[in-house]
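K.L.:
FYI, the numbering for the sequence shown is 0 to 237, going by numbering that gives the first Met the number 0. Note that beta-carbon positions come from the ideal geometry of N, C-alpha and C, so glycine has one too.
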Amino acid sequence: MFATKGFHGASVGDVAADAGYTTGAVYSNFGGKEDLFLAAFEHEVARHAREVTEAVAAAGDDPAARTRAAAGQWTAFLDRAPERFLLFVEYWAWSVRDPERRERFGERFAAFRATTERMIAEAAPGLPVDRLAVIANALTYGIAFQRLAEPDAVREDAFAEGLALVFAGAVARGEGAAGGAAAGMGGAAAGGAAAGSGGAAAGSGGAAAGSGGAAARGEGAEARDEGAAAARGEGAVR
Numbered sequence: 000m001f002a003t004k005g006f007h008g009a010s011v012g013d014v015a016a017d018a019g020y021t022t023g024a025v026y027s028n029f030g031g032k033e034d035l036f037l038a039a040f041e042h043e044v045a046r047h048a049r050e051v052t053e054a055v056a057a058a059g060d061d062p063a064a065r066t067r068a069a070a071g072q073w074t075a076f077l078d079r080a081p082e083r084f085l086l087f088v089e090y091w092a093w094s095v096r097d098p099e100r101r102e103r104f105g106e107r108f109a110a111f112r113a114t115t116e117r118m119i120a121e122a123a124p125g126l127p128v129d130r131l132a133v134i135a136n137a138l139t140y141g142i143a144f145q146r147l148a149e150p151d152a153v154r155e156d157a158f159a160e161g162l163a164l165v166f167a168g169a170v171a172r173g174e175g176a177a178g179g180a181a182a183g184m185g186g187a188a189a190g191g192a193a194a195g196s197g198g199a200a201a202g203s204g205g206a207a208a209g210s211g212g213a214a215a216r217g218e219g220a221e222a223r224d225e226g227a228a229a230a231r232g233e234g235a236v237r
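#1: Do you know offhand how far Ala-182's Cα is from Gly-105's?
#2: Provide the residue span of the alpha helix (DSSP H) that contains Ala-71, from first to last.
#3: Is the distance from the Cβ of Ser-94 to the Cβ of Arg-83 below 9 Å?
#4: How would you label Gln-145, buried or exposed, when you count the other beta carbons within 10 angstroms and need 16 or more for buried?
#5: Is Thr-52 close to chain C, meaning its C-beta is less than 9 Å from at least one C-beta of that chain?
#6: DSSP three-state label for Ala-213, please.
#7: Does the beta-carbon distance from Gly-161 to Ile-142 come in below 9 Å?
#8: By alpha-carbon positions, which one of Ala-159, Pro-81, Ala-148, Leu-86 ends up nearest to Phe-36?
#9: Contact check, Thr-66 vs Ala-163 under 8 Å by CB: the rounded distance?
#10: Can you tell me whether His-47 is buried or exposed? The criterion is at least 16 other CB atoms within 10 Å of its CB, across all chains shown.
#11: Can you list, in chain order, the residues of its chain whose CB lies under 6 Å from that of Ala-159, leaving out five sequence neighbours each side?
#12: Does DSSP put Leu-126 in a helix, in a strand, or in coil?
#13: Say yes only if the C-beta of Phe-6 is nearer than 8 Å to one or more non-hydrogen atoms of the ligand NAD, and no if none qualify.
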């Protein structure tokens, strides 16, 4: 629902009704629309991070294959649900204009970078994870903006190629472990950046049904309805 109408266009009533709950059930657990949005945001970051991590692990030990797997997850997400990334951009643009809201959003935004840093550190200890995570995340968002504006001008492998070049440069400068481990950083960074960004975009609405489920549980909703909302998990995105 958030992705369909936008953050400002969707009301708490819209989201609750779409997920099958009452507005009162939502307000009993959340302070309002923004709190619901942020709860959904965090829920979906975790889900998407798991999916990307699994894709990278399934690609085996080949660094190039791992990079392609993670980057492919992000590109496929953009092609499948561009409105979710646009929702993320809408909320970001609104948040950074207000100091208090920017701080709250910044705390969650930092989680993306932390995920990328962790994946880089695990794959090749010794690399400057703080700087490389920022660069990887910047590539993630930059590729998304360009691909949505000019889909025919941005190849599907542009993200993976960009990450490979970044980490090849880091290895050439001697800033990290040499050999296959350092080369494999493309896959780790793609995984972390795509997990964070895709989670944010999906999370802008994707878990609202699940959040509504929690609210409904607090109101004594029947287990059958709760299970249906939790299983859907996508209700508020529509």
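P.N.:
According to the data block:
#1: With a pLDDT of 44 at Ala-182, under the threshold of 50, the modelled position of this residue cannot be trusted; read the value that follows with caution. Their Cα atoms are separated by approximately 30 Å.
#2: The sequence given here places Gly at residue 71; Ala does not occur at that position. First-last of the alpha helix (DSSP H) with Gly-71: 62 to 79.
#3: no
#4: exposed
#5: Note that chain C does not occur in the displayed structure, where there is just one protein chain.
#6: Reliability of the predicted coordinates at Ala-213 is poor, the pLDDT of 39 falling under 50, and no value is obtained from them.
#7: yes
#8: Leu-86
#9: 6 Å
#10: buried
#11: Thr-66, Arg-67, Ala-70
#12: coil
#13: Judged by which ligands are present, the structure shown has none, so any question about the ligand NAD falls away.
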